[in-house]
Amino acid sequence: MNDALLEVAELLRDRLDSSGVRRVATRLLGLRLVAGRDSVPDWDTIIDGGLPAAERALTDLATRDPRLGTDPLPELPADRVRAVLRALGRIDPADDDVLGEAFTHLLGLLARAEGRRGGQFYTPPCLRTLLASLVPVQDAVVYDPCCGSGGLL
């Protein structure tokens with residue numbers, strides 16, 4: 192997974208600043224994790240369709256839940272988009288903790304690229320909403336001693 196995320200960051204870094212890489216990569220990673228479920232096209236269909244297919248799937252998800260955000264993805268060359276989607280395709284969404292590990296690793300990687308250290312970056316609202324919608328919680332207590340300001344919780 193770490194190799195796939197590093198490849199995504201490298202593919203986007205020369206086209207976008209670190210915050211842009213973070214926004215695009217986290218939205219596409221979220222899409223990867225729900226692809227093939229709840230009327231979201233399967234990942235191979237999204238890869239074949241490139242940026243337009245990813246945009247349609249993200250828009251469809253945002254239509255069902257507007258809290259997920261509707262920011263358009265930046266225009267990128269088609270071959271670059273497919274390479275990013277193929278790299279994300281190596282991440283197994285069935286892995287129990289892929290979501291938390293991937294987002295944590297990606298945010299840390301990009302924060303370091305921006306010259307920041309742990310605790311100096313935050314999770315954007317659209318990403319917090321996506322994460323919360325993916326985890327069904329009923330009458331649960333959450334304890335995280337490393338949650339910083341607790342925005343994600």
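Start counting at 1 in the sequence shown, then tack on 191, and there's your number in my numbering.
Ideal Cβ positions, reconstructed from N, Cα and C, are used throughout, including at glycine.
query: Suppose only complete runs of 4+ residues qualify. What are the alpha helix (DSSP H) ranges in the region 204-241, listed by chain order?; result: 209-225
query: Would you grab the beta carbon distance between Val215 and Leu207 for me? Rounded to a whole angstrom, and I think it's under 8 Å.; result: 7 Å
query: Skipping 5 residues on each side, what residues in its chain have a beta carbon closer than 7 Å to that of Leu203?; result: Val212, Val215, Ala216 and Val275
query: Please tell me whether, using a cut-off of 7 Å, the distance from the CB of Ile282 to the nearest non-hydrogen atom of the ligand ADP is below it.; result: Although the ligand ADP was asked about, the structure shown includes no ligands whatsoever.
query: Distance check for Asp330 and Ala269, CA to CA, integer angstroms please.; result: 44 Å
query: Taking a contact to mean a Cβ-Cβ separation below 8 Å, would you say Arg247 touches Pro284 in this structure?; result: no
query: Who are the Cβ neighbours of Asp251 in its own chain at under 8 Å, not counting the five residues just before and after it?; result: Ser230 and Val231
query: Return the Cβ separation of Asp233 and Ser324 in integer angstroms, given the expectation that the two are a contact with Cβ distance under 8 Å.; result: With a Cβ gap of about 20 Å, Asp233 and Ser324 do not count as contacting.
query: Quick check: Val272 and Leu249, are their CB atoms within less than 8 Å of each other?; result: no
query: Counting only the same chain and skipping the five closest in sequence on each side, list residues whose C-beta sits under 7 Å from that of Leu267.; result: Arg206 and Leu242
query: Decide if Arg281 is buried, meaning its Cβ has at least 16 other Cβ atoms within 10 Å, or exposed.; result: exposed
query: Determine the extent of the alpha helix (DSSP H) in which Ala278 is found, giving its start and end residues.; result: Ala269 to Gly280
query: Take Leu279 and list the residues in its own chain whose beta-carbon comes closer than 7 Å to its own, dropping the five residues that flank it on each side.; result: Ala195, Val199, Leu219, Leu220 and Arg223
query: Roughly how many whole angstroms lie between the Cα atoms of Ala245 and Pro265?; result: 12 Å
query: Rounded to whole angstroms, how far is the Cβ of Arg400 from the Cβ of Ile237, which I believe are closer than 8 Å?; result: With the chain represented from 192 up to 344, any question about residue 400 goes unanswered, as that position is not in the structure.
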